[in-house]
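For reference, the structure is listed below as structure tokens.
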Amino acid sequence: MAKAVWNGQTLAESETYETVEGNIYFPEESVKREFLRPSSTTSNCPWKGQARYYTIIVDGQDNPDAAWYYPDPKPAARNVKHHIAFWRGVEITK
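Here it is, written out as structure tokens:
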């Protein structure tokens, strides 16, 4: 079981997940979307493609761009399609 927690709130929890470059990617359906707000931030990975970001909001506190996903990953990273990963202080446990 993998779990993502920030500011005392569970953001995602799943028995199944993908691990890429040390990051846990949670299936979209395991993520509590009420805590996510789309961001205009993007980044590019040479082998995964373009990432999009979410700001996490819990109890009125923002954690900008603390979650990311690949809406259209390159073939080498197709296993992370429909998955979301976290960083910037989000505690991940397995």
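Numbering-wise (the UniProt record's numbering), the sequence shown opens with residue 1 and increments by one. Even glycine gets a Cβ: it sits at the ideal position worked out from N, Cα and C. This structure is a prediction, so every number in the text was calculated from the model and none was measured.
Query	Result
So, is Gly49 buried or exposed, given that buried needs 16 or more other C-beta atoms within 10 angstroms?	buried
Unbroken beta strand (DSSP E) runs of length 3 or more, entirely within the segment 7-80: which are they?	9-14, 18-20, 23-27, 36-45, 49-58 and 61-69
Classify Trp87 as buried or exposed, calling it buried when 16 or more other Cβ atoms lie within 10 Å of its own Cβ.	exposed
Within its chain, find whatever has a CB closer than 8 Å to the CB of Val90; leave out the 5 residues flanking it on each side and keep chain order.	Ala4, Val5, Trp6, Leu11, Ile56, Asn63, Ala66 and Ala67
Could you name the residues of the same chain whose beta carbon sits closer than 6 Å to that of Ala76, not counting the 5 residues immediately before and after it, in chain order?	Trp47
Tell me the DSSP bridge mates of Lys94?	DSSP lists no partner for Lys94.
DSSP has His83 in a bridge; who is on the other side?	Pro27
Considering only residues of the same chain and omitting the five flanking positions on each side of Val31, which have a CB-CB separation below 6 Å?	Ala12 and Ile84
Hey, out of Val20, Asp59 and Thr16, whose CA is closest to Glu36's CA?	The sequence given here has Leu at residue 36, not Glu. Comparing Cα-Cα distances from Leu36 to each of Val20, Asp59 and Thr16, the minimum goes to Asp59.
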